[in-house]
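Enquirer: When we follow the UniProt record's numbering, the leftmost residue of the sequence shown carries the number 1, and every step to the right adds one.
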Amino acid sequence: MRIPAAMTAAEEEKAVGEIVAKLKKRTTSTATSDADLVERAHRLNRTVLEGRARVGSVRWVGNQNARWGSCTVSTADIRISDRLRQVPDYVLDAVLVHELTHTFIPDHSPEFWSWADKTPLAERARGYLEAYQRWG
């Protein structure tokens, strides 16, 4: 999102908040169950990560307020914050690919980002999450 340089911080906050509210009303993820998440993770592993990831359990959780997702590398278990039930599919996909990438590259090295950023619209998804984190 681009903000005019002449906009004050208060105007920026108001404008972005209004846009986020509109987006929340018209876009929600199609993955509503844990089974949907598992299916989506397998598809993303095949289509984006060339089958390199291990897919253990993938489930929605309600106790992640400081992060969007997490992965236990040793078991390939992925947890996705319930807050992402409201986001567009491309945003959920970016978070899932990020966590799936951790199953074969546990750190945030340049190699990790070269795989995690293969998600279509990865940069846009990061921007969406930054705005969502800030303005909810």
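Built from N, CA and C at the ideal position, the CB exists for glycine as well.
Rounded C-beta distance between Ala53 and Asn45? I'm assuming under 8 Å.
Expert: With a Cβ gap of about 5 Å, Ala53 and Asn45 count as contacting.
Enquirer: So, using beta-carbon positions, are Asp77 and Val58 closer together than 9 Å?
Expert: For Asp77 and Val58, yes; Cβs fall inside 9 Å.
Enquirer: Which partner residues of Gly69 appear in the DSSP bridge assignment?
Expert: Partner(s): Ile80.
Enquirer: Excluding five sequence neighbours on each side, which residues of the same chain lie with their C-beta closer than 6 Å to the C-beta of Arg26?
Expert: Unreliable positioning characterises Arg26 in this predicted model, as indicated by a pLDDT of 49, which lies under 50. A coordinate reading is not provided.
Enquirer: Is there at least one non-hydrogen atom of the ligand HEM closer than 8 Å to the beta-carbon of Asp82?
Expert: The ligand content of the structure shown is nil, which means the ligand HEM is not present either.
Enquirer: Among Arg83, Ala131, Pro106, which has the Cα closest to the Cα of Ser74?
Expert: Answer by Cα proximity: Pro106.
Enquirer: Would you call the region 83-100 and the region 120-130 touching, i.e. three or more CB-CB distances under 8 Å?
Expert: Yes, the region 83-100 is in contact with the region 120-130.
Enquirer: Can you tell me where the alpha helix (DSSP H) with Val87 in it begins and where it stops?
Expert: From DSSP, Val87 is part of no alpha helix (DSSP H); its letter is neither H nor E.
Enquirer: DSSP has Arg59 in a bridge; who is on the other side?
Expert: Answer is Arg79, bridged to Arg59.
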